Structures are given as C-alpha cells and as structure tokens.
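Working notes, beginning with the structure itself.
Protein chains: 2
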Amino acid sequence: MSLRDIARKIGMQPPSLYSYFDSKNAIYDAMYVQGCRQFVDGEPWDELTGEPLHDLRRLVEYFVRFCAAHPARYQLLFQRTIPGFEPSPESFAISQASLERVGHQLNRCGITDRRAIDLFSALGTGLADQQISNDPGGDRWIRLIDGAVEMFFDYMTKTTTPETPARGRRRR
Amino acid sequence: MSLRDIARKIGMQPPSLYSYFDSKNAIYDAMYVQGCRQFVDGEPWDELTGEPLHDLRRLVEYFVRFCAAHPARYQLLFQRTIPGFEPSPESFAISQASLERVGHQLNRCGITDRRAIDLFSALGTGLADQQISNDPGGDRWIRLIDGAVEMFFDYMTKTTTPETPARGRRRR
DNA sequence: GTCTATATTCTGATAGAC
DNA sequence: GTCTATCAGAATATAGAC
Chain S
1090 MSLRDIARKI GMQPPSLYSY FDSKNAIYDA MYVQGCRQFV DGEPWDELTG EPLHDLRRLV
1150 EYFVRFCAAH PARYQLLFQR TIPGFEPSPE SFAISQASLE RVGHQLNRCG ITDRRAIDLF
1210 SALGTGLADQ QISNDPGGDR WIRLIDGAVE MFFDYMTKTT TPETPARGRR RR
Chain W
1090 MSLRDIARKI GMQPPSLYSY FDSKNAIYDA MYVQGCRQFV DGEPWDELTG EPLHDLRRLV
1150 EYFVRFCAAH PARYQLLFQR TIPGFEPSPE SFAISQASLE RVGHQLNRCG ITDRRAIDLF
1210 SALGTGLADQ QISNDPGGDR WIRLIDGAVE MFFDYMTKTT TPETPARGRR RR
C-alpha cells in the first residue's frame, strides 16, 4: 500500500498527508504505536486466574490470535520485515514494556529461568508464524497452543525447580 | 533489489534478463528452487547417529543456522512475505519433500503424534525468527536449541507413549 | 488544511536493431 | 543473445495557490 492508496482511502490527495506526517516512515511509526496500543489494550491480564498453565495458555492464545487476525500488524510489530523501517526508540519502548510484563507473569508462574522468556517468545512467534504462513484463516496451529504451553511449562518447572512439586499440571 | 540491480550486478542490461526469465516472479521462483536445493543439499542426514535427542537437535540447529545465515532466503522460502510471489507447484513440492523427511525422522525417533511435525516446525521457525529479528548476527536463540529440542522430545515421548521407558534422555 | 501541479526517480516490461 | 531506446505507470516528496 502506497501513500496514494492511503490518501485515496481517506478521501485525500497524497500531498495532504504531509501535513500530518513528515515521511512514509513516520506513518509506519504511528502505525507501529497504534498496533502496540491495540495489542496492549487487549491483553487479557484481568482474565488470569493464578493457575499457571491456564494463564500462560491465555497469554499465548491472545498473542497468536492477534497475529493471525492482523497479519499485517504482525509483520510490522514483530517481524521487522518492512524494508526501510524501524520503530523510533519511544515506540519500541512500548513493545518492550509488554514483553517485560510477560516475563513477570512467567515469574509469577514459578518460572525464573533466565532463558524462559526467550524460549517462550520463540514458541509463541513460531506458532503465530506457521499459522499465518501455512494456514491463513484456519486454526491448525492455534489448536496446538494448549499442548505447546503445557510442554513449555512442564519443561520449565522441571529443569529450573526440579524439587518443586508439580502445580496445576494436567495431562490433555 | 530490482531487475536493474540484478542486471547491473551480472554485467547485463535489464532487458536481457527477459531472455532467461519471463517475469520478475519467474526469477523469484528460480531463486526459490535454488534456495530449496541449497537447503536440502546441506541437510545433515549422514551426521545422524540414531540417538533421538542428538539427531533432532542436529536437524533444528541446521535449520536455524541456515535461516540465520541467509535471512533473505529465509524470507523467500519460509516466510512468504514477498508481495506478489508464491512458488509454482513444482517448486513448492521440493520443500514439501524436505518437510516430509523431517516427519519420517520424528517417527524414527519414536514420535508418532500427528501434531508433532507441526509443533516441531513451529518451534524451529520460532527460534529462527527470533534469532533473525532480535539478535541478527548473534546466537542468543541458537543457544536455546538444545534445551528447546529436549523440551519437545520429553513432551512427545511422554504424551504419546507414556509407558515407553525414557530413551536417551539427558538433563542439561 | 487541503488542494492542484509537478519534480524526480524508480519500477517491470516491450520493440526492434545488430 | 545482447544491445539501445523507450514505454507506461508508480513511488515519495515539494512548491505554491486557495
């Protein structure tokens, strides 16, 4: 989508956009902020129960469904595949804060391994990525979320605190 | 990169490319095939030992390192993010065959769950994706491969064949 | 604030000579 | 097979009138 297309969609002439944005990348940055806000505003924090497996599933499910529902935003926010664009520091800070909240939630679930957040994010991104690339509009990888999170939780609660009694674990 | 850039790089004039390819997408398709071949040719099948955890780690490590070393190919082959392009059926079949070999390898490792290949691919893609997006040139997610594969293997050998005695499992 | 008009550069692609 | 010449259109961006 070009500036022409944007302008036409909102009933403007292309040059008029420059009254609002300095450049095309400035528009991308605004969209980045908007996308972050939209993602953060929908985060299901108030739907968490304190039951680790349930809560982590909710987080991953929210992320994957968001990405699958808005693949262009997924590309803009999480893939960094738009040629000349990278978000401004202020904009990037918003998504950083969101990631940190996920880290804190992992801690609250008894997962303190320092690599946990990286592995967790890789798992979520992988599910979203495959869902978008190989089954757009479907739910083939969305249906794997519960199992994937269980896999992650089992592994993390075993290797980091092997002496801790299993909490809230379920099979299937 | 435009057709002009390609032509200049190989010391040709842009129109001469059309003696070899019908369109820009035809070039993409040839690159897709070339990328598939390159990936397949380097697959470490002859380095597998029969020890499930080792072999699966080798496969994932090869995939992630390939993607991290060739991010443009990663985008072309596995991300499908190039605007007007999708591979021709003949080209796509090559990558399909590669994925099927991974599925057979999972079977050989005693993993027969039908969702295993999807979860495995999501895990590999997620690691590659995060590595490229958030630590290009580094190894932050590459270092997670061993743990991630162990997590996957443990989960798959437990949930699908819970009565099977653990084979080749190691901690850390 | 929004417009018309336009600059400049790049894009993929074609015609036709050699 | 490769070239020169060129097309038709799209891209981002600017100047200046209303």
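Protein chains in written order, with my numbering: chain S, 1090 to 1261; chain W, 1090 to 1261. We put the beta carbon where it would ideally sit given N, CA and C, even for glycine. All values reported here derive from a predicted model rather than from experimental measurement.
Check the Cβ-Cβ distances between GLN1185(S) and every residue of chain W, and say whether any is below 7 Å. no
Closest to ARG1203(S) by CA distance: which of GLY1192(S), ARG1197(S), GLN1123(S), LEU1212(S) is it? GLY1192(S)
Inter-residue spacing [alpha-carbon to alpha-carbon] between PHE1128(W) and GLY1131(S): Going by C-alpha positions, PHE1128(W) is about 39 Å away from GLY1131(S).
Helix, strand or coil: which one does DSSP assign to PHE1242(W)? helix
Where does TRP1134(S) land, buried or exposed, given buried means 16+ other C-beta within 10 angstroms? exposed
C-beta atoms of ALA1217(W) and VAL1122(W) nearer than 7 Å: No, Cβ-Cβ distance for ALA1217(W) and VAL1122(W) is not below 7 Å.
Close Cβ partners of ILE1234(W) (< 8 Å) along its chain, the five nearest in sequence each way excluded: ARG1146, VAL1149, GLU1150, VAL1153, LEU1216
Can you give me the C-alpha to C-alpha distance between TYR1107(S) and LEU1092(S), rounded to a whole angstrom? 10 Å
What's the gap between the Cα of GLU1140(W) and the Cα of SER1184(S)? Approximately 41 Å, taken between the alpha carbons.
Tell me which residues share the same chain as MET1120(W) and place their Cβ nearer than 7 Å to its Cβ, disregarding the 5 neighbours each side in the sequence. Excluding sequence neighbours, MET1120(W) sits near LEU1165.
Please confirm if GLN1219(S) has its CB atom under 7 Å from at least one CB of chain W. yes
Around the Cβ of GLY1213(S), are there at least 16 other Cβ atoms within 10 angstroms (buried) or fewer (exposed)? buried
Considering only their Cβ atoms, is the gap separating ASN1114(W) from PHE1181(W) smaller than 7 Å? no
Can you name the start and end residues of the alpha helix (DSSP H) that GLN1127(W) belongs to? Start and end: 1113 to 1130.
Does any residue of chain W bring its CB to less than 7 Å from the CB of ASP1207(S)? yes
Is there a Cβ of chain S sitting closer than 7 Å to that of MET1240(W), yes or no? yes
Nearest-angstrom Cα separation, counted from HIS1143(S) out to GLU1136(S): 10 Å
Neighbour list for THR1214(W) in chain S, Cβ cutoff strictly below 7 Å: Close to THR1214(W), with beta-carbon spacing below 7 Å, are these residues of chain S in chain order: GLY1215, ASP1218, GLN1219.
Contact set for ILE1221(W): own chain, Cβ-Cβ below 8 Å, skip 5 residues either direction: CYS1156, ALA1157, PRO1160, TYR1163
Is ALA1237(S) near TRP1230(W), with beta carbons less than 7 Å apart? no
If we count the other Cβ atoms within 10 Å of its Cβ and call it buried at 16 or more, is LEU1208(W) buried or exposed? buried
Just checking my contact of ARG1246(S) with ILE1200(S) at CB under 8 Å: how many whole Å lie between their CB atoms? Strictly speaking, residue 1246(S) in this sequence is Thr, with Arg absent from that position. Going by Cβ atoms, the distance from THR1246(S) to ILE1200(S) rounds to 7 Å, so yes, they are a contact pair.
Can you check whether the CB of ASP1118(S) is closer than 7 Å to the CB of PRO1178(S)? no
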